[in-house]
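Worksheet: the structure to be examined is printed underneath.
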Amino acid sequence: MSRSQAPAAPAGNRTQKDRTRKQRSADPSAARPRTPDGPPRTASPHRGGPVERFVRWVRQGGVTTILFGLPMVLCFAYFSWWPIVQSVQLSFQQTNLVDPATWVGLDNFRHVLDDPLLWKAVKNTALFAALALVIGFPVPLFLAVLIAELRRGGTLFRVLAYLPVAIPPVVSVLLWKVFYDPDAGLFNQLLAHVGLGPYPWLQSTDTAMLSIVLEATWAGFGSTVIIYLAALGSVPGELYEAAEIDAAGIWRRVWHITLPSLRGVILIMLLLQIIGTLQIFTEPFVMTDGGPEDSTLTILMLIYNYAFQNGDFGAATALSVMLALVLGVLSAIYLRATRSWSN
Amino acid sequence: MRPSLRIALTGVTAGALVSVLASCSGSGSDAAGDGTVTITVSGRPPATNAAALKTFDARVAEFQKANPKIKIKTNEYQYDQQSFQTKVGGGTLETIVRVPLTEMSGLIKRRQIADLTADFKTLKHSEDFNDVALGPAKGVDGKLYGIPTEEYALGLVYNRDLFEKAGLDPDKPPASWSEVRTAAKAISEKTDATGYAQMTKENTGGWMLTAMAYSFGDSMQEQSGGKWANTFERPGSGAEKALKALKDMRWTDDSMGKNQLRNITDMEKDFSAGKIGMTIAGPSMVGHYIQQYKGDPKTIGLGAMPVDGTSKRTLAGGTIAVISPRATEQQREAAAKFIDFYYLSTKYDVGLAEKDAVVKKKDGAAIGVPTVPFYKPAIADPVQAAVDKQANVPIGNFAPYSSTLGDYELAIEPPVEAQNVYKALDSAVQAVLTRQDADPAEQLKKAAAQVKSQVERAQN
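Going down the list, the protein sequences come from chains A and B.
So for the first sequence, the UniProt record's numbering puts the first residue at 1; every next one is plus one.
So for the second sequence, the UniProt record's numbering puts the first residue at 1; every next one is plus one.
Take a look at the structure:
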C-alpha cells in the first residue's frame, strides 16, 4: 500500500480512512513533521542519500526481515505464483503432457465459450450462489445471535454448531446422499410421519440443486457461527445496557446494535461466501456428478471434466483464467460498492 | 496488497492447481550400461490381500529368473482418470498400466500411450489372436495401442432368488427387451425389489445406452468419407428404441424404482444387497459380487444381452494393458514380454492356465466367470476347459450367457470421443428416467448437438 503523499486535508474534512492510513504508516519517516507547502527537506539528517538510507535500512533489521520472509516468499513463488503464471500460459496452448506444448492462440477460449455446457454451468453456479445466499447466509447469523443471547448452555451449542464442520466434507456429503435416498432415505421416512412427501431430492432437476445447498449449508455454517460469535463478543455491553434502559426489546437490540456492530464482519463473510459458492465442487461431484440432466453441473466441475476426463488442459486452464478474472472483477465491484458501508 | 487483488489471485489459484501437474516433468534413462532394462509394473495387489500379493510376487520373480536382463519394479497403482493425467504430466507413469476399454479412444487421440503394433507381432501366438478381441485396443488409424488382458461381453446380470419369488424361471432369463419388461414388472409387483435398474452417472449412462443401442442392432457412430460422425440421434435409431424401452419400464410400469442416479459402485452395492432384480453389466460384476460384497454365488445369474429382432449384438468391456508414451524401445520390448508372460500365457498354455486357476482359487478369487476368448478355438477351447475344471462359482448359473456368447457380434465403443459421447448421453438417460415428460428423440438430438463439435474437432 502506498503511503498517503497528498497534502493533509483540512481537519474537518478528514475521513476516518485517512486517519487509519496515517496510523498504519507508523514508521519513523512518517512520524516526522511534514512540510505540505514546500519541497521535502533534503538536508534532513534522517533522509540522506541512497547509501545512508541503505545503511539505516540495514541497521533497522531490513536484512533479517528479508531472510525471515524468504522461505515463505520462495514457497509461494514456487508452489503458487509460478503455477499461476504457467496456467495462464497453458490456457493459450494445447498439450498432451508428453510432447512439447503448441501455441494455439485463443483457440481454447473459443472452444470453451462455444461449449453449450458452459452456459448451463454458469447458470447452475449462479443458482447455487443465490440459493446459498438466501438459505446459507442468514442461518449462521441468526444462530450466532441466538447462541449469544442464551444465558446458559452457550458452550454446548457452540460445540453442536461446529460439529458438522469437524466431519470430513466427503463423509458428510455421502451421509446426506444416503439421507436423500428417494426410497428408503431418512428424510423421506421422517417426512412421511407428518404426511409429507415422498420428495425426489437429488432425483429431479427441480430439487437437486436445492438439496445440495441444504447439505452445503449444514456442513459449512459452523465456522461462520463461530466467527460471528467472536465478533459479537466485541460489541460493547454498555450499548445493550443503554438500550435495555430505553426499554428496547430483543429485536430492536439486534436490529439497532448487534447487526450494525457486526457489519464489517458480515461484509467480509458475505464476500467470502460468494467466492466460495462460485467455486462449489465437492458436493455436486460426489452427490450427483452434475446430474440429473446436468442440472447440478458447476463451473469447477466443468473445469475438472475438461482436465481429467477429456485430458484437455488448455480448455481447463482457459476456463480457470476466465473464472479468476470474473471473480476478481466481482470482488472489486463489491468492495467498491460497499466501501462506505464497511466504515 | 489490496483485498480485491488478493481475492483475484486466490481465484487464479484454482486454475493453477490444474497446471501444477504440467509443471513437473522428467524421465530418467532406464537402460544401464550392461544392457539391463528397468520397467515399472502397476497393479500389484495391496498388502491387505496377502495371498494374492504373494502369488503376484512369485510370478514376477519367475519372470526375473527367466529374463535376467529385465529388472521389474512393481507398485500398487491402478488406473483412474485424475492420477493418470497427473502421472503422464509428471513423467512418473508406470511402464505398464491396465486401463478400461472405455478409456482407449481418448488416450489414443491424445497420444498418451505408446504404439505397440510392432511389439505385439513378436509375441507368441499373436497371429492366432482373435480380431474381435483385439479391436478395442486399436485406434481409428488401424494401429495397435494396447494388449487386452481381460475382455467380456456385456450381458444381463440378475438375482435368481428374486426371479423365483416373482414366479419367473431363473434358468431362463429374458432374451429380448420385451421379456425384460415383463420380468421387471413381475419382480416389482411381487417383491420389494426394483425390477430393472440401469447405471446413469459418471458416463456409465451413455455407456449402458450404447450397449442397449447395439443390442437393438444399431451403432452409435458411422464413418463416411473417412470421418466418423454420430448417428444415434437419427429417428428410429437403436438409442431411441432403447430410451423408449426404459421410459416404458420407468413410467408406464413403474418397475425401475425411484433412485436413478447410480454409478457402477452404487449398482454393485444395491444389487448385492438384493435390492435389484436385473441390470445390464459385465460378468466382472459377478466377481465383485462374490469377492467384495460376499454375495451368495448361488443367487447371481448371468444371461446374454437381451436383443430385439434377429441381429445379436453387444458391447465389449474389459481391461487393456497400455505402455507409457515415454518408454524407450527396450522398455517397450521388455514390457510386451512381461504382459505376454503375466496376462497372455495363461490364456494360450493349458498347463499354465490350470496352475494359475488353482493358485488364484486358493487366493479367494472367483474362477469360472465367463470371458471373451482371446485366441482361435484350437488354442482357447482346451484352456477354457482346464480353467472350468477349477471353477468355484456355479458355472451352471452362467450357462444362459456362455452358451449363446458365440452367436453374438462383439461391438466396440464409439471410435471417436467415446467418453464425451457417453457424458452427453448420461443427461439423456437421466432425463428419461427422472422426468416423465422427457422425449427420447429430443434428448438424443440435444446430446448429439452437445458433442458434435467435439467429435469433429477430435478428427482434425
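From the three backbone atoms N, C-alpha and C, an ideal C-beta is built for every residue, glycine too.
Because the structure is a prediction, the values reported are computed rather than measured.
Alpha-carbon to alpha-carbon, residue j and residue i
i, j, result
"A:L302", "B:L433", "23 Å"
"B:Q436", "B:P173", "28 Å"
"B:I147", "B:Y401", "25 Å"
"B:Y152", "B:L144", "19 Å"
"B:K445", "A:D289", "22 Å"
"A:G220", "A:V159", "14 Å"
"A:Q203", "B:K294", "29 Å"
"B:A50", "B:D57", "10 Å"
"A:M209", "B:Y375", "50 Å"
"B:F398", "B:T404", "10 Å"
"A:N305", "B:A137", "24 Å"
"A:L150", "A:L163", "19 Å"
"A:E283", "A:A247", "46 Å"
"A:R252", "A:G237", "15 Å"
"A:L175", "A:I227", "26 Å"
"A:L133", "B:V60", "58 Å"
"A:W201", "B:A431", "15 Å"
"A:V326", "A:I275", "10 Å"
"A:L262", "A:V145", "11 Å"
"B:Q331", "B:T319", "21 Å"
"B:A52", "B:G364", "8 Å"
"B:M220", "B:T210", "7 Å"
"B:K362", "B:A385", "19 Å"
"A:E52", "A:V85", "37 Å"
"B:D171", "B:L156", "13 Å"
"B:K258", "A:T205", "14 Å"
"A:K22", "A:T155", "Confidence in A:K22 is poor, its pLDDT being 43 and thus under 50, which makes the residue's placement unreliable; the coordinate value appears in the next sentence. One C-alpha to the other measures close to 40 Å."
Outcome for residue i when other beta-carbon atoms lying within 10 angstroms are tallied against a minimum of 16
i, result
"A:L319", "buried"
"A:L143", "buried"
"B:N75", "exposed"
"A:E293", "buried"
"B:H288", "buried"
"A:I333", "exposed"
"B:E268", "buried"
"B:K227", "exposed"
"A:I250", "exposed"
"residue 355 of chain A", "Since the first residue shown for chain A is 1 and the last is 343, residue 355 of chain A is missing from the structure and cannot be characterised."
"B:Y158", "buried"
"A:N188", "buried"
Identity of the residues DSSP links to residue i by a beta bridge
i, result
"B:K73", "B:T40"
"A:M301", "Per DSSP, none; premise fails for A:M301."
"A:Q94", "A:T102"
"B:F129", "B:Y375"
"A:M269", "DSSP output for A:M269 lists no bridge partner at all."
"B:P148", "B:I320"
"B:T194", "B:I276"
"B:A153", "B:A316"
"B:S176", "B:V307"
Beta-carbon proximity check, residue i vs residue j, cutoff 9 Å
i, j, result
"A:V98", "B:R326", "yes"
"A:L300", "A:Q279", "yes"
"B:A316", "B:I412", "yes"
"residue 463 of chain B", "B:I367", "As displayed, chain B neither begins before 1 nor continues past 460, which places residue 463 of chain B out of reach and without an answer."
"B:R262", "B:D270", "yes"
"A:T338", "A:L267", "yes"
"B:V369", "B:S284", "yes"
"B:Q198", "B:G205", "yes"
"B:S237", "B:E189", "no"
"B:V416", "B:A458", "yes"
"B:A418", "B:P306", "no"
"A:V286", "A:V165", "no"
"B:Y408", "B:A335", "no"
"B:L162", "B:G274", "yes"
"B:I108", "B:G89", "no"
"B:K360", "B:T55", "yes"
"A:G131", "A:V213", "Contrary to the premise, residue 131 of chain A reads as Leu rather than Gly in this sequence. Going by C-beta atoms, A:L131 is nearer than 9 Å to A:V213."
**Continuous alpha helix (DSSP H) assignments of at least 4 residues falling wholly in the region 329-390 of chain B** = Here the runs fully enclosed are 329-339, 345-348, 350-362 and 377-389.
**Whole beta strand (DSSP E) elements within the region 217-257 of chain B, 3-residue minimum** = Secondary structure within the region 217-257 of chain B: the beta strand (DSSP E) runs of 3 or more consecutive residues, fully enclosed, are 221-224 and 227-230 (chain order).
**Item:** Contiguous alpha helix (DSSP H) assignments of at least 4 residues, all confined to the region 119-177 of chain A
**Value:** For the region 119-177 of chain A, whole alpha helix (DSSP H) runs of length 4 or above, ordered along the chain, are 138-149 and 154-166.
**Request:** Can you check the region 247-311 of chain B for any beta strand (DSSP E) of at least 3 residues that lies completely inside it and give the ranges in chain order?
**Result:** At a cut-off of 3 residues, the continuous stretches assigned as beta strand (DSSP E) that sit fully inside the region 247-311 of chain B are 276-281 and 300-303.
**Item:** Within the region 397-460 of chain B, ranges of the alpha helix (DSSP H) (whole runs, at least 4 residues)
**Value:** 399-402, 418-434 and 440-458, all fully within the region 397-460 of chain B.
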